[in-house]
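>
Number of protein chains: 2
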Amino acid sequence: MRILIAEDDDIIADGVSRSLGQAGYSVDWAAHGEAAEEALLAHSYDLLVLDLGLPRLSGLEVLKRLRARHSTIPVLILTALDGTHDRVRGLDLGADDYMVKPFELAELEARVRALTRRATGNSPAIVCGSLSFDPVGRVTQIDGVPLDLSAREIGLLEILLARMGRLVSKDQLVDHLCGWGEEVSHNAIEVYVHRLRKKLESGGIKIATVRGLGYCLERPQGE
Amino acid sequence: MRILIAEDDDIIADGVSRSLGQAGYSVDWAAHGEAAEEALLAHSYDLLVLDLGLPRLSGLEVLKRLRARHSTIPVLILTALDGTHDRVRGLDLGADDYMVKPFELAELEARVRALTRRATGNSPAIVCGSLSFDPVGRVTQIDGVPLDLSAREIGLLEILLARMGRLVSKDQLVDHLCGWGEEVSHNAIEVYVHRLRKKLESGGIKIATVRGLGYCLERPQGE
DNA sequence: CTTCCGCTATGAGAATGCGCATAAAACCCC
DNA sequence: GGGGTTTTATGCGCATTCTCATAGCGGAAG
Numbered sequence: 083m084r085i086l087i088a089e090d091d092d093i094i095a096d097g098v099s100r101s102l103g104q105a106g107y108s109v110d111w112a113a114h115g116e117a118a119e120e121a122l123l124a125h126s127y128d129l130l131v132l133d134l135g136l137p138r139l140s141g142l143e144v145l146k147r148l149r150a151r152h153s154t155i156p157v158l159i160l161t162a163l164d165g166t167h168d169r170v171r172g173l174d175l176g177a178d179d180y181m182v183k184p185f186e187l188a189e190l191e192a193r194v195r196a197l198t199r200r201a202t203g204n205s206p207a208i209v210c211g212s213l214s215f216d217p218v219g220r221v222t223q224i225d226g227v228p229l230d231l232s233a234r235e236i237g238l239l240e241i242l243l244a245r246m247g248r249l250v251s252k253d254q255l256v257d258h259l260c261g262w263g264e265e266v267s268h269n270a271i272e273v274y275v276h277r278l279r280k281k282l283e284s285g286g287i288k289i290a291t292v293r294g295l296g297y298c299l300e301r302p303q304g305e
Numbered sequence: 083m084r085i086l087i088a089e090d091d092d093i094i095a096d097g098v099s100r101s102l103g104q105a106g107y108s109v110d111w112a113a114h115g116e117a118a119e120e121a122l123l124a125h126s127y128d129l130l131v132l133d134l135g136l137p138r139l140s141g142l143e144v145l146k147r148l149r150a151r152h153s154t155i156p157v158l159i160l161t162a163l164d165g166t167h168d169r170v171r172g173l174d175l176g177a178d179d180y181m182v183k184p185f186e187l188a189e190l191e192a193r194v195r196a197l198t199r200r201a202t203g204n205s206p207a208i209v210c211g212s213l214s215f216d217p218v219g220r221v222t223q224i225d226g227v228p229l230d231l232s233a234r235e236i237g238l239l240e241i242l243l244a245r246m247g248r249l250v251s252k253d254q255l256v257d258h259l260c261g262w263g264e265e266v267s268h269n270a271i272e273v274y275v276h277r278l279r280k281k282l283e284s285g286g287i288k289i290a291t292v293r294g295l296g297y298c299l300e301r302p303q304g305e
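Going down the list, the protein sequences come from chains U and W.
Each number in the numbering used here corresponds to the 1-based position in the first sequence with 82 added.
Each number in the numbering used here corresponds to the 1-based position in the second sequence with 82 added.
Given below as structure tokens:
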């Protein structure tokens, strides 16, 4: 799950990205409207958190262009206390939710969860054999028993589930786990896979290795 | 967008088909499992709304056969409140979403939208007799059973499938398998072909040798 | 028909480097 | 600073790849 934050106040941006990063999302940050526009064109995000008071290119303008391109990415707008007018206009332009500054990080997280859920097609849970993954709460269960996973493990599992039964290269994994700027070695991926495998093996879930190409979460036998 | 509804309760079926028809889909209705099976074989649908409690042929069976034919149509299953077990089994068999009766038509519509949207992103598998190959996931199945191939074998199969029924020279194979700097001997190609043949023979897939010219993946009968 | 030569099949062995495991270091949040 | 998590470091095992040697096959020429 990849999220773009368009926010000029770097203290807020920092807090938000930490908080969401902690929750297992990979977060990119754009400090002004043009950077946001560029990032949106260059990558595919699952959610945009958009401050309306952006320099260079206003948040409303970014949103307008985004929707003009028929993008359906969920957008959560951030607005100052007195920006009622803009807020309304934002919702008119196709924003999905809004928050008024200052806000609680916990509440932001909750709303982000709600919005990303919608993006995953409303599916209540992704099931793979005895494993079920709830994209809303980002909670994993094996045979109904909650499984304790770290942020990185959740991120890894998420993309493997999204591409269940297909091969996923290490580069693809790196892409999904990290925003740009931060990169992680292939070795790190191997370590995550190792740990995730250990936690999943009790449920009979297997991650197959294809040497030189990548990993593949085995789809449970449809029989 | 064409949708098939397999549902024996004609009141529900009527409501659903009106609602979806209203929304611009063209809707067919099958009142029992065999009719659904027949319709699925006769036409190509973009979505199947499947009641699990069908007479004549159960919904689970319909779904199972559908997936056995390597169909990737999105399937939304309808289930009674107490059908937890069947629901889980349905998702295991490759259903994409489910709804519990009774449900709101508006919600059904929303989920149908989500599923049909997702479908357009799906890549069609390349099928050759009992073999199917997903070019995106680079995963091979024979009669629905995943086949364990190495990187080189996958690469070889990939290009043979792309030129199915046509002759592929060894030089072409070398080109496709190796990057710029690296080269590989013709003898190596022979070895890959040998190993790939061994793994494919159980599925009745044949790679013909054309002496002095190259190899050719035989197109299955009936096309 | 027989012989010969070159192409292909096949098995076995060797080399490479990928991925695994484990440990240890950096990091981060409370 | 202490628990957790993330990341880097490192050596080993082994699957995969590739070469080699040999046997099989097919076509062409004599």
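Heads up, the beta-carbon is just placed ideally off N, CA and C, and yes, glycines get one too.
(1) Would you kindly report the start and end of the unbroken alpha helix (DSSP H) that includes U/Arg138?
(2) Report the three-state DSSP secondary structure of U/Asp110 (helix, strand or coil).
(3) With contact counted as at least three CB pairs below 8 Å, one residue from each stretch, are the stretch 165-180 of chain U and the stretch 97-106 of chain U in contact?
(4) Using a C-beta to C-beta distance shorter than 9 Å, which residues of chain U count as neighbours of W/Val157?
(5) Taking 8 Å as the CB-CB cut-off, is W/Gly219 touching chain U?
(6) Just checking my contact of W/Ile115 with W/Val157 at CB under 8 Å: how many whole Å lie between their CB atoms?
(7) Touching or not, the stretch 241-261 of chain W and the stretch 283-303 of chain W, by the rule of three or more beta carbon pairs under 8 Å?
(8) Any Cβ of chain W within less than 8 Å of the Cβ of U/Glu272?
(9) Can you say whether W/Glu89 is buried or exposed, counting buried as having 16 or more other CB atoms within 10 angstroms of its CB?
(10) Looking at W/Thr198 and W/Leu129, is the spacing between their C-beta atoms short of 8 Å?
(11) What is the rounded straight-line gap between the Cα of W/His276 and the Cα of W/Leu282?
(12) List, from N- to C-terminal side, the alpha helix (DSSP H) runs of 4 residues or more that fit wholly inside the stretch 209-297 of chain U.
(13) In its own chain, which residues sit with a C-beta less than 7 Å from the C-beta of U/Met246, not counting the 5 before and 5 after it?
(14) Please list the partners that U/Gly247 has in chain W, where partner means a Cβ-to-Cβ separation under 7 Å.
(15) Please state the DSSP three-state secondary structure of W/Arg193.
(16) With a cut-off of 8 Å, does the C-beta of U/Asn204 fall near any C-beta of chain W?
(17) Listing by chain order, which chain W residues have their CB less than 7 Å from the CB of U/Glu240?
(18) Between U/Gly285 and U/Leu213, which are expected to be in contact by the criterion C-beta below 8 Å, what is the C-beta distance as a whole number of angstroms?
(19) When DSSP labels each residue in this structure, what does U/Asp128 get in the three-state scheme?
(20) Do W/Leu134 and W/Ala112 have their CB atoms nearer than 8 Å?
(21) Write down the C-beta distance between U/Ile155 and U/Tyr127 rounded to the nearest angstrom, noting that I regard them as a contact closer than 8 Å.
(22) Starting from U/Glu189, find everything on chain W with Cβ-Cβ shorter than 8 Å and list it in chain order.
(23) In the DSSP assignment, the beta strand (DSSP E) including U/Ile94 goes from what residue to what residue?
(24) Could you check whether U/Ser140 and U/Gly261 sit closer than 8 Å to each other, using their CB atoms as the reference points?
(25) Out of curiosity, what's the CA-to-CA distance linking U/Lys280 and U/Asp174?
So, from the data block:
(1) Careful: U/Arg138 lies outside any alpha helix (DSSP H) and carries neither H nor E.
(2) The answer is strand: DSSP assigns U/Asp110 an E or B state.
(3) The count of Cβ pairs closer than 8 Å, one atom from the stretch 165-180 of chain U and one from the stretch 97-106 of chain U, stays below three, leaving the stretches out of contact.
(4) Against chain U, a Cβ distance below 9 Å from W/Val157 picks out nothing, because the smallest value is about 12 Å.
(5) By the rule that beta-carbons nearer than 8 Å mark a contact, W/Gly219 touches chain U.
(6) Just to set this straight, residue 115 of chain W is Gly in the shown sequence, not Ile. W/Val157 and W/Gly115 do not touch by the CB rule: their CB atoms are close to 14 Å apart, not below 8 Å.
(7) At 8 Å Cβ cutoff, the stretches touch.
(8) False, the Cβ-Cβ gap to chain W never drops below 8 Å.
(9) With 16 or more other CB atoms across the displayed protein chains lying within 10 angstroms of its CB, W/Glu89 is buried.
(10) Yes, they are a contact pair.
(11) Cα to Cα, the separation comes out at about 10 Å.
(12) Counting only unbroken stretches of 4 or more residues, the alpha helix (DSSP H) elements lying wholly within the stretch 209-297 of chain U are 233-244, 252-259, 268-282, in sequence order.
(13) These residues qualify, in order along the chain: Cys210, Leu299, Arg301.
(14) The answer, in chain order, is Gly219, Val221.
(15) Helix.
(16) Caution is warranted here: a pLDDT of 49 is assigned to U/Asn204, below 50, making its placement in the model unreliable, and the coordinate value is therefore given only provisionally. Closer than 8 Å: yes.
(17) Neighbours of U/Glu240 on chain W: none; closest Cβ ~16 Å, over 7 Å.
(18) Right, the Cβ-Cβ distance comes to about 5 Å (below 8 Å), so this counts as a contact.
(19) In the structure shown, U/Asp128 adopts coil according to DSSP, grouped into three states.
(20) W/Ala112 sits away from W/Leu134, with the two beta carbons spaced by 8 Å or more.
(21) Contact between U/Ile155 and U/Tyr127 holds: CB atoms are separated by about 6 Å, below the 8 Å threshold.
(22) Those do not exist, as U/Glu189 stays about 25 Å from chain W at its closest Cβ, beyond 8 Å.
(23) Unbroken run through U/Ile94 is the alpha helix (DSSP H), 92-104; no beta strand (DSSP E).
(24) Contact flag unset, no.
(25) Taken atom to atom, the span from the alpha-carbon of U/Lys280 to that of U/Asp174 is near 48 Å.
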